[in-house]
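Going line by line, the protein sequences match chains A and B.
The working numbering numbers the first residue of the first sequence as 53 and each following residue consecutively.
The working numbering numbers the first residue of the second sequence as 1179 and each following residue consecutively.
Ideal Cβ placement from N, Cα and C applies to all residues, glycine included.
Nothing here was measured: the structure is a model prediction, and the numbers come from that model.
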Amino acid sequence: MMENQFFWLLLSFILTIMVFSFIFGDNPLFRIATYFFIGVSSAYVFVLLVNQVIIPKLFLPFFSGDLNQRILQIVPLFLSVLLIFKLFKKTNQIVNISLAILVGSGAAIILTSAFTGTIVPMLGMITEPFSLNSLNIQNFFSGFFLILGVISSLLYFQKSSITGTNTFQSSPKIMVITKYIGAIFIGLSLGSIFAGVVISSAIALIERINFVISFLYNLIIG
Amino acid sequence: MEDFILCPQCNFENPLFSTQCENCGFSFNDQLQDKQDNWLDSLRQTGELIEPENVSEKSNAGNIDDNQSSDETPDWLKRIQNFQTSDEESKEIEPDVSLPDVVKEESVQENEKTEELDWLKEFRTISESEEESAAVELSSAESEESQPDDDSSTPLLSIDEIKQNWQKEFPNLNNNVEENEISPAEDLPDWLNKNISDILSSEEDDNIPNEVSENEESVTPEPSSSHKSNELPKWLTGSTKQSIDELNIDNDKEEQSIPVWLREINQKLDEGKSQQPEDETENIGDSELLFNKLEMYPESEKDGLIDEESQTLDIEEKEQESQSSPSALVFENDEIDQFSVKPFTTNSEDFEESYILSGYDSEGIDEESEDYELSDEEDREEKQLQSSPFSFDEIPDWLEKIDLNYTEGEIDGIERKTGEVISETDNTQEQDIQKANLPEWLKALRPIEVVTPKISNLKSQKRIESAGPLAGFKGVLSTEQVTKSYTTPPTYSVKIKLTDKQKIHAKLLDEIISPDISLGLKAPSKRVVFSTLPSLLIPLLFLTIVVITQFLNISNAKTSDYFPAETVRFHNLITGYLNQNQEAGNLLVINEVDASAYPEINLISGGIFENLFVNNHWITAISTNPNGVIVADNILSSAKEKVPSFNYSERVINLGYLPGNYLGIQSFLSNPQLTMPIDINKNNVWESSYLSNIDSVNDFDLILLISDNSDNAKLWVEQVNLLAPEVGLLLISTTQSIPLMQPYVKSNQIDGMVGGLSGGLAFNLLANNDTNEISRYSSFVQIVAIFFIGLLVSGGLASFLKKIIPFSSKEKLK
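What follows is the structure, given as structure tokens:
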């Protein structure tokens, strides 16, 4: 057991060093490590899909399920078989049947979930500070900043112009100012996201260096 | 338009459709037919004829433009014009001969010798003496006709010039030519050779010109001269005596103008048969090569009669020399006829006309003339077939521009000398050698330099062997030249047809291998090193800081006393809500975590799961990310190690991977049993485990969402609020997804959230868990964050200064 752990620790140590070699630029060690990870991930996903999706959810119901399950199972099986025709140019349009069902049902789910799960709650959150029941100066300003941030950010991405007007004519000053404010809000948002990415990456790096140091420490000292 | 046909012989007016003269029997059809058969008529009619008189007038006038135009005309056109002029003159003579007006007037101009010729032709039939005089007159007249042609055809080469050219051009061949010497018959036309040979064979002592005697004997053997005089028209009888006397006087005068060569021929004939006809044929045969050369300059052939006078002296000499030195190549008469180009069709026609005009039997003449014409046509066809491909009209300009200065050096001189010695010794032997009947292709052979001058240049490169058994031979080792003449090997372009798949594979292979090659080969420049230095130093510095922090005892780093509200709510729900009934709660853990976020999630969620394990809650794990299955298993496994009393195998069920993304989420939240019937170990957990009490998602006490991806987290949040609004939703998020998930927390769609290390530390502090490790990591992150902030600020300042400095320098320049 301990030997197996050491092997996997050694392998992970080597792979970690190989990935760190990217500090000196693109090199074969880094490429081998990345291809190794990609290959392992792909193989893992393939095995996972076969073991956990295709066999248990596509074929097992034909043998273990009742008649209703078997009849219902024909539909996904049929749609899955149609996906095979994607491999052939002459018959690739048959796949559109399966894809149409997937896209249509997915769009329906996304639209409903986005509308009920994101847009309506966000609108309620934005307008909540201005509700008469809880209206005060603090909520008003916070609500004002929220509205300002939403409107200015949306106006920042407004690049179109009304037909008939001179596109080269400078936009009104209020629009320009609003766009600048929107840029500030967007910058702050992206900055916070970037900081979070950096911190998450730093944590991963620290964890790996900690692993390397601890592995070397344990390897040397025992 | 005249309503009658005027007989050219007797000037009798005949009906319009008559074929013969009613008075003298002159055939009009023959005259027309002869004119039609003349192939040169077409040429005369097509081109614009330049009369010699006009040309001379123009030349005398010194018209510069005409001279320029004549200079600009190409050589081939000049030759055609020369043909035309010569034909024009002969054509001008022909009607005069046929016109009786000249006879009526009897005031023939002496300078118009063509008319005199016609007179002589008419009186040729009267007596032999008159025929002789007429023949002499004819030759003299024709020689005079050749004068303007010679003048007008200045570019044409004489026989001597051709010889010189041959000597320059083919020195080896010149040896033979000089040795054999061109026989006089070479320059004579075929008809004359034939006639001479016939005359010699008949051994007649007459001094009649060949053509006249032959034609008299062959064409009209029956009628005699007395008959001819009786058949003269009436208009001519009155003045015959006077005209004969006058003509005799004229003939005496014009005998002086007879060419010397013709006189000598006649003298030789008188002397009697001293020369054998075979010699003549041999001489002709010797001159075949020269005739081949002359084919390239047909003007000399066409004007053969005209040039005779100028060549008589040469011919005499050549005759004498040919007698002494017979040539190696000897041809028979038939072969000579095949080879010799018919040179003087017009002259033969003139002779026919003369016979016609003399009043002989027209039918006999017609038959003979037809046979003669047929034989001429056959000869022409044969000559066209047998003649060389380089006829006069087809001779390119480059062939005329053969390098005449070509010499083969001293070696050729040595060969020449040796060849002369050999030829002198062999000449005596060759006289006894019988004539050879060479094949046609061999007779048509000519020096290769005539065809391809380039090879003649190569010929000079041939080497004479100086040693060995091949010593003295030239160019026998041909491969030696080949080995010396090195040429670059030919290049071949090969196109390989690649499929798209092969191209992709090649590209992938190139992408893998090419950096390895370029890494060691390219020497980086100073500018590249300077630009890559920061990219190398910053990571090294960053690594150094991180490594140093590992050895620092900063676990007791100061944390903020302020806890985020969502983290407090999260803690309250986990520790309070689940434990409110003093029973183990059912918790659904959704893993939306990649492997890259495992360290952070493991740090944040470690304390949470420890708390859950301590309280023995039922945990059901599911993941919409394939990697999330392993991450969730590792997180739970690592938490289990800290809580050994927890029955992990019983209380933790990993349903594994949920496919279908949002469709799978919606399906799972709608019907979890049908969507995920088995767990990761393929056990039907919905019947045999604690999950048998759960029919839907709403039966779970809490839903714990662990995500590092805000998009996937939103899907779950939206679907849970839509399909399971009654279930509390908690979120464990990485630092990077906090800003995007914060609105859902603010909107109460997420009941509690632990975000990042700060959130995990806050939860552990609230739950009184061990915070050593997470606080240590948070200290590292703080140091790294400070380092990053410093980098960002320094980078910003550098970019700011970069913008300012060029601006100020531009201002200075302005």
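Rounded separation between residue i and residue j - CA only
i: F192/A; j: E1896/B; result: 28 Å
i: L1756/B; j: V1830/B; result: 16 Å
i: S1396/B; j: N1207/B; result: Here S1396/B scores only 43 on pLDDT, less than 50, and its place in the model is too uncertain to base an answer on.
i: L1847/B; j: I146/A; result: 31 Å
i: S1815/B; j: V92/A; result: 22 Å
i: I1779/B; j: V1809/B; result: 9 Å
i: L1655/B; j: P1647/B; result: 12 Å
i: W60/A; j: F98/A; result: 22 Å
i: W1894/B; j: L271/A; result: 44 Å
i: C1199/B; j: E1618/B; result: 48 Å
i: I178/A; j: A247/A; result: 25 Å
i: N1825/B; j: N1794/B; result: 8 Å
i: N1615/B; j: R1624/B; result: 17 Å
i: Y96/A; j: I1674/B; result: 38 Å
i: T1727/B; j: L1935/B; result: 17 Å
i: L154/A; j: A160/A; result: 10 Å
i: E1689/B; j: F88/A; result: 16 Å
i: L1194/B; j: C1185/B; result: 11 Å
Backbone secondary structure at residue i - three-state DSSP
i: K1621/B; result: helix
i: G1463/B; result: The predicted position of G1463/B is uncertain, since its pLDDT is 42 and thus under 50; a value taken from the coordinates is nonetheless stated next. Note: G1463/B maps to helix in three-state DSSP.
i: S1644/B; result: coil
i: N1789/B; result: helix
i: Q1758/B; result: coil
i: A1799/B; result: strand
i: K1675/B; result: coil
i: N1946/B; result: coil
i: Q1612/B; result: coil
i: I1928/B; result: coil
i: L184/A; result: coil
i: S1192/B; result: In the sequence as displayed, the identity of residue 1192/B is Asn instead of Ser. Note: N1192/B maps to strand in three-state DSSP.
i: S204/A; result: helix
i: I161/A; result: helix
i: G1806/B; result: helix
i: L1730/B; result: coil
i: L1655/B; result: coil
i: S64/A; result: helix
i: S194/A; result: helix
i: E1770/B; result: strand
i: Q1897/B; result: helix
i: S1403/B; result: Here S1403/B scores only 42 on pLDDT, less than 50, and its place in the model is too uncertain to base an answer on.
i: G1933/B; result: strand
i: I1856/B; result: coil
Nearest-angstrom beta carbon gap, residue j and residue i [assumed within contact, 8 Å]
i: S1885/B; j: S1911/B; result: 6 Å
i: G1933/B; j: T1913/B; result: 7 Å
i: L1751/B; j: G1973/B; result: Between G1973/B and L1751/B the Cβ distance is about 42 Å, and since that is not below 8 Å, they are no contact.
i: I75/A; j: L1718/B; result: 7 Å
i: E1191/B; j: F1182/B; result: 4 Å
i: I70/A; j: I84/A; result: Looking at the sequence provided, one finds Met at residue 70/A rather than Ile. Contact flag correct, Cβ pair sits at about 6 Å.
i: N1812/B; j: Y1776/B; result: 7 Å
i: G1842/B; j: T1798/B; result: Contact doesn't hold; Cβ gap of about 16 Å is too wide.
i: G1785/B; j: A1945/B; result: 6 Å
i: P128/A; j: L101/A; result: With a Cβ gap of about 14 Å, P128/A and L101/A do not count as contacting.
i: S165/A; j: L1900/B; result: 6 Å
i: P1742/B; j: A1940/B; result: 6 Å
Task: Contained beta strand (DSSP E) runs [length at least 3] in the region 1818-1851 of chain B, N- to C-terminal order - done: DSSP runs (the beta strand (DSSP E)) wholly in the region 1818-1851 of chain B: 1830-1835.
TODO: Could you tell me whether the region 232-244 of chain A touches the region 255-263 of chain A, where touching means 3 or more Cβ pairs closer than 8 Å?
DONE: Segments in contact, no.
Open item on the list: Using a Cβ distance threshold of 8 Å, determine whether the region 236-255 of chain A contacts the region 1952-1968 of chain B, with at least three qualifying pairs required.
Closed with: Because the criterion of three Cβ pairs below 8 Å is met, the region 236-255 of chain A and the region 1952-1968 of chain B touch.
Task: alpha helix (DSSP H) runs contained entirely in the region 88-135 of chain A, provided each spans 4 or more residues - done: Restricted to the region 88-135 of chain A, the alpha helix (DSSP H) segments that are unbroken, complete and at least 4 residues in length are 112-116, listed in chain order.
TODO: Please confirm if the region 1864-1878 of chain B is in contact with the region 182-192 of chain A, defined as three or more CB-CB distances below 8 Å between the two stretches.
DONE: Contact between the region 1864-1878 of chain B and the region 182-192 of chain A is not established, with fewer than three Cβ pairs separated by less than 8 Å.
Task: Cβ-based contacts, 7 Å cut-off: residues of the region 238-272 of chain A near chain E - done: In the structure shown, chain E cannot be found, because the protein chains are A and B.
Task: Segment contact flag, the region 126-143 of chain A with the region 1871-1879 of chain B, C-beta cutoff 8 Å, min 3 pairs - done: With the cut-off at 8 Å, the region 126-143 of chain A and the region 1871-1879 of chain B do not touch.
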